[in-house]
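Worksheet: the structure to be examined is printed underneath.
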Amino acid sequence: MPERSGGGLFSGKKKLEAENTELRAWIERLGGMDAMRVAALTEELRAERGRLREAVADAARRLHEVERRVVQTEETVLLQEAGVYDYRHPLSDAVAYKERLAEVKARIKAMARENKAVLGSTGWQVNGSAAEGRRMVRDFSKLMLRAYNAEADNCVRTMRPYKLQSAVDRLEKAVEMIVKLGKTMDIHVSGDYHRLRVYELELTADYLAKQEEEKERTRAEREQQREEEAARREFEREKVRLRKEEAHYKAALAKLIAKGDEGGAEELKAKLEEIGAAVIDVEAREANVRAGYVYVISNVGAFGEDVVKIGMTRRLEPEDRVRELGDASVPFRFDTHALIFSDDAVGLEGRLHAALNDRRVNRVNLRREFFRATPAEVRALLQQIAGQHLLEYRDVPEALEWRQSVHVVVGEGEGRV
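Counting from 1, one number per residue, gives the positions in the sequence shown under UniProt numbering.
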């Protein structure tokens with residue numbers, strides 16, 4: 001009889017057909033064998049072929065399920081990195097999750113203490129002794145509980161929100177293994193205890209996700225506070241400068257009036273009116289939290305030619321904010337395409353974001369203000385929305401550092417040729 005291939009489990013249709021052909025040839029060579037024996041062998045081989053086909057189909061189904069889970073896990077990771085997480089048990093904040101977890105852990109300990117975690121046969125005997133039998137079942141149950149808890153605790157320690165399903169699967173396998181090992185004495189993890197530990201895993205994943213969400217919110221709030229504080233300091237510095245200038249001109253005006261220089265006095269009075277208007281303007285901008293500059297910037301070296309960032313700042317010197325954005329977090333400085341002052345910069349920024357909403361680079365975290373659009377496309381949009389506010393616009397970014405870096409790399413490549 002020909003040997004069957006050990007790799008038959010994953011063989012395809014062609015391999016099965018080849019094996020069938022080989023079997024037929026082998027049967028034909030058994031010319032002298034009893035017809036009934038040949039028929040029996042043939043039937044046996046047909047049954048074996050059917051079993052192999054079922055095994056292949058089952059393996060294909062399992063492979064498809066594994067691939068599906070891998071895809072789901074990868075998607076979950078990407079969504080979580082973008083700030084999206086599907087909470088199993090929504091609570092208000094991380095503190096609430098911490099308190100709920102403490103309650104669950106207390107219930108877990110209570111069930112273990114009351115021998116409700118792992119159950120076993122109550123009629124088991126050792127050498128005819130029911131007491132010895134109960135002792136053996138109890139000792140073996142404790143051993144199985146220790147193994148199960150070790151797996152559960154490890155899942156909790158290594159938990160990441162996107163790893164929740166794989167952790168639950170590991171715990172399910174631990175339950176199945178204990179059922180197999182404790183089959184003789186009917187030892188198994190109780191359903192209530194297992195559900196409680198799965199609930200603990202889900203709460204842990206939710207807690208970690210909520211912690212990260214709160215950290216991100218805190219980071220954004222601190223960034224906003226830093227921006228507001230920087231703007232406040234700028235306003236204060238500008239008011240101090242204007243008041244010093246005002247005091248200087250007032251002193252000069254008094255001297256001119258004392259000398260009887262009416263022409264010079266009129267000039268200084270006009271200048272003082274300008275300074276007074278400037279002070280009023282600064283104070284008005286300081287009071288109006290919606291006033292400021294909307295900026296359109298890009299970073300070709302970091303993000304490419306078709307990505308822009310659109311934001312707003314209340315700074316008196318908006319370029320200071322642009323320089324801060326081009327710090328060590330990106331390899332090149334940002335280029336400014338437009339700075340538009342508006343009494344309602346918040347509203348103008350919101351309208352631009354809404355118009356480009358379907359071009360957001362990050363569709364889920366709206367604090368990331370990057371859009372897939374060229375500077376020229378944003379200029380056309382600004383002309384429609386901002387109107388007369390758009391005084392100057394630069395379509396082509398200077399990108400000096402990036403262009404120089406490209407030039408250096410090209411030169412190095414030519415030098416190696």
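Idealized CB from N, CA, C, for every residue including glycine. Model, not experiment: these values are computed from the prediction.
Look at the Cβ atom of Leu253, then the Cβ atom of Ala278, and state whether they are nearer than 7 Å. The residue given as residue 253 occupies position 253 in the sequence shown. The residue given as residue 278 occupies position 278 in the sequence shown. Going by beta carbons, Leu253 and Ala278 fall outside the 7 Å limit.
For the candidate residues Gly311, Glu273, Ala25 and Lys142, whose alpha-carbon lies nearest to that of His353? Position 353 of the sequence shown holds residue 353. Considering only alpha carbons, the answer is Gly311.
Which one or two residues does DSSP pair with Gly292 in a beta bridge? Residue 292 sits at position 292 when you count from the first residue of the sequence shown. Per the DSSP secondary-structure output, Gly292 pairs in a beta bridge with Ser342.
Three-state secondary structure assigned by DSSP to Thr158: As a position in the sequence shown, residue 158 is number 158, starting the count at 1. Note: Thr158 maps to coil in three-state DSSP.
Here's the rule I'm using: 16 or more other beta-carbon atoms within 10 Å means buried, otherwise exposed. How should Gly191 be labelled? Here residue 191 refers to the residue found at position 191 when the sequence shown is read from its first residue. Label assigned to Gly191: exposed.
Taking 8 Å as the cut-off, does the stretch 316-324 touch the stretch 265-281 (at least 3 CB pairs, one atom from each stretch)? In short, these stretches do not touch, since the Cβ pair count stays below three.
Name the one or two DSSP bridge partners that Val308 has. In the sequence shown, the residue the question calls residue 308 occupies position 308. Ser298 and Phe371, per the DSSP bridge assignment.
Separation of Ala18 from residue 418, as counted between CA atoms: The structure shown has nothing for residue 418, since the chain only spans 1 to 417.
State the CB to CB distance for the pair Leu381 and Ala355, rounded to an integer number of angstroms; the pair is presumed to be in contact (CB under 8 Å). Counting from 1 along the sequence shown, the entry for residue 381 is found at position 381. Counting from 1 along the sequence shown, the entry for residue 355 is found at position 355. Here Leu381 really is in contact with Ala355; their C-beta atoms are around 6 Å apart, less than 8 Å.
Meets three-Cβ-pair contact criterion under 8 Å: the stretch 282-296 and the stretch 330-346: Contact between the stretch 282-296 and the stretch 330-346 is established, with three or more Cβ pairs separated by less than 8 Å.
Does the stretch 161-177 come close enough to the stretch 47-66 to have 3 or more Cβ pairs within less than 8 Å? Because the criterion of three Cβ pairs below 8 Å is not met, the stretch 161-177 and the stretch 47-66 do not touch.
Leaving out five residues before and five after Lys271 in sequence, what residues of the same chain have Cβ atoms less than 7 Å from its Cβ? Counted from its first residue, the sequence shown places residue 271 at position 271. Setting aside the 5 residues that flank it on each side, Lys271 is surrounded in the same chain by Tyr249, each with a C-beta closer than 7 Å to its C-beta; the list follows chain order.
Tell me which residue opens and which closes the alpha helix (DSSP H) that Ala120 is part of. The residue you call residue 120 lines up with position 120 of the sequence shown. Per the sequence shown, the amino acid found at residue 120 is Gly instead of Ala. Note, Gly120: premise wrong, no alpha helix (DSSP H); not H, not E.
Ordered along the chain, which non-local residues of its own chain (more than five positions away) have a Cβ less than 6 Å from that of Tyr87? As a first step, residue 87 is located in the sequence shown; it is residue number 87 there, counting from the start. Answer for Tyr87: Asp206, listed in chain order.
Near Lys210, what residues of its chain come up, given a Cβ to Cβ distance below 8 Å and the 5 sequence neighbours on each side ignored? Here the question's residue 210 lines up with position 210 in the sequence shown. Cβ within range, chain order: Tyr87, Leu91, Asp93, Ala94 and Tyr97.
Count the CB pairs spanning the stretch 295-304 and the stretch 211-218 that are closer than 8 Å, and state whether there are at least three. They do not touch, by the three-pair rule.
If you follow the alpha helix (DSSP H) that Asp169 is in, where does it begin and where does it stop? Start at 1 with the first residue of the sequence shown, and residue 169 comes out as number 169. Note, Asp169: alpha helix (DSSP H), Leu164 to Leu181.
Opposite His188 in the DSSP bridges: which residues? Within the sequence shown, the letter at position 188 stands for residue 188. Paired residues: Leu119.
Flag this pair as yes or no: are the beta carbons of Phe140 and Ile187 separated by less than 7 Å? Your numbering for residue 140 matches position 140 in the sequence shown. Your numbering for residue 187 matches position 187 in the sequence shown. In contact: Phe140 and Ile187 (Cβ atoms closer than 7 Å).
Rounded to the nearest angstrom, what separates Arg232 and Ala102 at their Cα positions? Mapped onto the sequence shown, residue 232 falls at position 232. Mapped onto the sequence shown, residue 102 falls at position 102. So the two alpha carbons sit approximately 44 Å from each other.
Rounded to the nearest angstrom, how far is the Cβ of Val307 from that of Val361, given a contact under 8 Å? In the sequence shown, counting from the first residue as 1, residue 307 sits at position 307. In the sequence shown, counting from the first residue as 1, residue 361 sits at position 361. With a beta-carbon spacing of about 6 Å, Val307 and Val361 fall inside the 8 Å limit used to define contacts.
Would Ile280 be called buried (16 or more neighbouring beta carbons within 10 Å of its own) or exposed? Locating residue 280 in the sequence shown gives position 280, counting from the first residue. Its Cβ having fewer than 16 others within 10 Å, Ile280 is exposed.
Alpha-carbon to alpha-carbon, Asp335 and Glu202: Stepping through the sequence shown from its first residue, residue 202 is reached at position 202. Stepping through the sequence shown from its first residue, residue 335 is reached at position 335. Rounded to whole angstroms, Glu202 to Asp335 spans 45 Å at the Cα level.
Please state whether DSSP places Glu81 in a helix, a strand or coil. By one-based count along the sequence shown, residue 81 stands at place 81. Note that Glu81 has pLDDT 49, beneath the 50 cutoff, so the model's placement of it is unreliable and the number below is only indicative. Note: Glu81 maps to helix in three-state DSSP.
Give me whichever residues DSSP pairs with residue 418 in a beta bridge. Outside the displayed range of the chain (1 to 417) lies residue 418, so it cannot be described from this structure.
Take Arg315 and list the residues in its own chain whose beta-carbon comes closer than 6 Å to its own, dropping the five residues that flank it on each side. Working through the sequence shown from its first residue, we reach residue 315 at position 315. Answer for Arg315: Ala231, Glu234 and Arg321, listed in chain order.
What number of angstroms, rounded off, separates the C-alpha of Arg51 from the C-alpha of Gln165? Counted from its first residue, the sequence shown places residue 51 at position 51. Counted from its first residue, the sequence shown places residue 165 at position 165. Roughly 32 Å between the two C-alpha positions.
Between Lys142, Val104 and Arg237, which has its C-alpha nearest Asn115's C-alpha? The residue labelled residue 115 in the question sits at position 115 within the sequence shown. The shortest C-alpha separation from Asn115 is found at Lys142.
Could you give the distance in angstroms between the alpha-carbon of Phe370 and the alpha-carbon of Gln404? For the purposes of this step, residue 370 is taken as the residue at position 370 of the sequence shown. For the purposes of this step, residue 404 is taken as the residue at position 404 of the sequence shown. A direct Cα-Cα distance of roughly 25 Å separates Phe370 from Gln404.
Measuring CA to CA, which of Met185, Ala265 and Glu99 is closest to Gly133? Locating residue 133 in the sequence shown gives position 133, where the first residue counts as 1. Here the closest residue by C-alpha is Met185.
Is the Cβ-Cβ distance between Met159 and Thr122 less than 7 Å? On the sequence shown, position 159 is the one that residue 159 refers to. On the sequence shown, position 122 is the one that residue 122 refers to. No; because the gap between Cβ atoms is not below 7 Å, this pair is not in contact.
Ile385 vs Arg351 beta-carbon contact at 7 Å: Sequence index remark: in the sequence shown, residue 385 carries index 385 (1-based). Sequence index remark: in the sequence shown, residue 351 carries index 351 (1-based). Less than 7 Å divides the Cβ of Ile385 from the Cβ of Arg351.
Are the beta-carbon atoms of Val104 and Glu200 separated by less than 7 Å? As a position in the sequence shown, residue 104 is number 104, starting the count at 1. As a position in the sequence shown, residue 200 is number 200, starting the count at 1. For Val104 and Glu200, yes; Cβs fall inside 7 Å.
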